[in-house]
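> My structure is below; once you've seen it, I'll send some questions.
Have a look at this one:
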């Protein structure tokens, strides 16, 4: 376990190495967040009473999304593992007396964690200081906050396990681009990164609920604002755990297969 | 310690000619060529031996190293290292070995070298005392004290290579696979790395397998040389055997033969210094040509 903790730590340190990148990222996120808040304000005014989420919940959802962007964003980060696969650096990884799967899992969690930690504090501070309806609200209850943290951890687990599965698929194609675009791009949409899931049509949502995507950021962010009532959380958390298990198992099985077939190209 | 018996490995390589029409054609119909990287390779190495594994480009050197280090599964044949099959008991196997792939990096790009070392310490569960002792030894011998705190990306190739070598030795492996470990090293570092490898071998009976194109490395380190060409073992003996083979083979090449006679005078190898290395390159070139393994 200590080994994997070290991977987390080193990746964490690695992520904190660039200060300027974090500052610029912060600015982007603030501006983006404010823009989204305005966009949803327009939607809210147009829809009137039929809004599927309360406006304050949407604002909170947006700020949480921006604060923890690095934890769930599928289109950034984790590039080091793709490049390891692509340029053959994986040969060294295979020479380590540890499970490659766990090693990379820890590494991704470390990478995402370090970035999220760097960004979330300033983003959250700003979000709590913003005027009027743009301001982020406190969690609805202590219970909700605790469950927010629990589901957040589970959600990160699901997201990373999905990412690992995609990583493993990259062993079968020479370029990782395709898998990334398809799987991670759809993940972005279906997990409610573009529009929160309650805005989707009822039938569509029913289908999406069978996929792993809604069990990522969708759950913790809505628990926080009370949009997803604490009382209804049991089955949702069970599904989070279920997907975590399924995705980890899928990733591990693929890895076992890959491990035997792997050919590291080049001298 | 290490035995390889009848190991074969082939790769499928996509090939096409240059030109746009060829690109389009290959889009619909790929031509593949099967490259036999290793054809029935057998050898055995005893504990504490230092073996130079040489051959021209594309001979199968790296494939052999990859199989021995458990990265690659051969198509057929058996291979045991220290009683284990590398690709079957990978985790157990790699605890005992150290690998340097001269062309790849095991150090984390963005963080100081010492952080990568600390991580390796944990990965291999090296105790604090052993780690500190080893680190001190390596720092001194490979002159790392100045560069340990620098992020890897800001190191020169030679500096990085010294760190790579150190990184592979932190856990005191019993077997060391070196795949072109002296790429980009300056004279001082090369000598330091060579001395260090010899010292490891003397003090810890570390088994060393070295592939390189730098014949001076071979001369300095290898007691035994295995020559591979086109996936087959062609010669297994001492450096002197190699020279003799080349002399025998190069009788009709007078300009090389002259050099070989000088090179063959091993007694005054010391005084010849760098020159004998150049001669050895000639010996090798002649041998490769004569054996038709280019």
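Chains as they are written, first to last, in this note's numbering: chain A, 1 to 267; chain B, 1001 to 1294.
The beta carbon of each residue, even a glycine, is placed where N, CA and C say it ideally should be.
Going along the chain, which residues of its own chain have a beta-carbon closer than 8 Å to the beta-carbon of residue 41 of chain A, five neighbours each way excluded?
So the qualifying residues of the chain are 55 and 133.
> Taking residue 1189 of chain B as the query, report the chain A residues whose CB atoms sit under 9 Å from its CB, ordered along the chain.
Neighbours of residue 1189 of chain B on chain A: none; closest Cβ ~21 Å, over 9 Å.
> Out of B:1106, B:1234 and B:1228, point me to the one whose CA is closest to residue 1164 of chain B's CA.
The candidate whose alpha carbon is nearest that of residue 1164 of chain B is B:1106.
> Using a Cβ-Cβ cut-off of less than 8 Å, give me the residues of the region 1064-1088 of chain B that come near chain E, in sequence order.
The chain labelled as chain E is not found among the protein chains of the depicted structure, namely A and B.
> Could you work out which residues of chain A lie near residue 1119 of chain B, taking near to mean beta carbons separated by less than 9 Å?
Here the neighbours are 3, 6, 7, 9 and 10.
> What are the partner residues of residue 1036 of chain B, as DSSP defines its beta bridges?
DSSP lists B:1010 as partners of residue 1036 of chain B.
> So, is the C-beta of residue 258 of chain A closer than 8 Å to a C-beta in chain B?
No, residue 258 of chain A does not count as interfacial toward chain B.
> In chain B, which residues lie with their C-beta within 8 Å of the C-beta of residue 160 of chain A?
Here the premise fails: no neighbours, minimum Cβ distance about 19 Å.
> Do residue 1296 of chain B and residue 1182 of chain B have their CB atoms nearer than 8 Å?
Nothing can be reported for residue 1296 of chain B, as the shown portion of chain B is limited to 1001 through 1294.
> Entirely within the region 132-161 of chain A and at least 3 residues each: give me those beta strand (DSSP E) ranges in chain order.
For the region 132-161 of chain A, not a single whole beta strand (DSSP E) run of length 3 or above is found.
> Report the rounded CA-to-CA distance for residue 1279 of chain B versus residue 1240 of chain B, giving the unit in angstroms.
The straight-line gap from Cα to Cα measures roughly 13 Å.
> Quick one: give me the first and last residue of the alpha helix (DSSP H) that residue 1024 of chain B is part of.
Note, residue 1024 of chain B: alpha helix (DSSP H), 1020-1028.
> Okay, do the region 1172-1181 of chain B and the region 1209-1226 of chain B touch, 3+ Cβ pairs below 8 Å being the bar?
Touching, per the Cβ criterion.
> Could you please tell me which residues of the region 84-99 of chain A, in chain order, have their CB closer than 9 Å to any CB of chain B?
Result list: 87, 88, 89, 90, 91, 92, 93, 94, 95, 96, 97, 98 and 99.
> Quick one: using the 10 Å Cβ neighbour count with 16 as the cut-off for buried, is residue 108 of chain A buried or exposed?
It counts as buried.
> Any C-beta of chain B sitting closer than 8 Å to the C-beta of residue 14 of chain A?
It does: the Cβ of residue 14 of chain A has a partner Cβ on chain B nearer than 8 Å.
> Which first and last residues belong to the beta strand (DSSP E) in which residue 1224 of chain B is found?
That run of the beta strand (DSSP E) goes 1224-1229.
> Counting beta carbon pairs with one atom in the region 190-200 of chain A and one in the region 1004-1024 of chain B, are three or more of them shorter than 8 Å?
The answer is no - the region 190-200 of chain A does not touch the region 1004-1024 of chain B, with fewer than three Cβ pairs under 8 Å.
> Between the C-alpha atoms of residue 1267 of chain B and residue 1223 of chain B, what's the straight-line distance to the nearest angstrom?
Note that residue 1267 of chain B has pLDDT 41, beneath the 50 cutoff, so the model's placement of it is unreliable and the number below is only indicative. Using only the alpha carbons, I get a separation of about 15 Å.
> Out of A:144, A:238, A:91 and A:99, point me to the one whose CA is closest to residue 227 of chain A's CA.
Selected option, being the one with the closest Cα: A:144.
> Give me the subset of the region 17-40 of chain A whose CB atoms are less than 8 Å from a CB atom of chain B, sorted by chain position.
From the region 17-40 of chain A, only 17 and 18 have a Cβ closer than 8 Å to chain B.
> DSSP beta-bridge partners for residue 36 of chain A?
Looking at the DSSP assignment, residue 36 of chain A forms no beta bridge with any residue, so it has no partner.
> The beta strand (DSSP E) that contains residue 217 of chain A, what's its start and end?
Note, residue 217 of chain A: premise wrong, no beta strand (DSSP E); not H, not E.
> Going by C-alpha distance, which of B:1101, B:1158, B:1028 and B:1184 is nearest residue 1064 of chain B?
It is B:1101 whose Cα lies nearest to the Cα of residue 1064 of chain B.
> Along the region 1189-1212 of chain B, what residues have a CB closer than 8 Å to any CB found in chain A?
Those residues of the region 1189-1212 of chain B that come within reach of chain A (Cβ to Cβ, closer than 8 Å) do not exist; the list is empty.
> Taking the beta carbon of residue 1187 of chain B as the centre, do at least 16 other beta carbons fall within 10 Å, making it buried, or is it exposed?
It counts as exposed.
> Grab the span of the beta strand (DSSP E) containing residue 268 of chain A for me, first residue to last.
Since the first residue of chain A shown is 1 and the last is 267, residue 268 of chain A is not available in this structure.
> Mapping DSSP to helix, strand and coil, what is residue 1161 of chain B?
Residue 1161 of chain B falls in the helix class under three-state DSSP.
> Going by the beta-carbon positions, is the gap between residue 16 of chain A and residue 123 of chain A smaller than 8 Å?
No, these two residues do not count as a Cβ contact at 8 Å.
> Step through the CB atoms of chain A and report whether any lies within less than 8 Å of the CB of residue 1127 of chain B.
No, because no Cβ of chain A sits closer than 8 Å to the Cβ of residue 1127 of chain B.
> Give the secondary structure of residue 163 of chain A by DSSP, where H, G and I count as helix, E and B as strand, and everything else as coil.
Reduced to three states, the DSSP call for residue 163 of chain A is helix.
> Could you work out which residues of chain A lie near residue 1094 of chain B, taking near to mean beta carbons separated by less than 8 Å?
The contacting residues are 94, 95, 96 and 97.
> Helix, strand or coil: how does DSSP classify residue 1101 of chain B here?
In the structure shown, residue 1101 of chain B sits in a strand (DSSP, three-state: E or B).
> To the nearest angstrom, report how far apart residue 83 of chain A and residue 89 of chain A are at their CA atoms.
If you take the alpha carbons of residue 83 of chain A and residue 89 of chain A, they lie about 8 Å apart.
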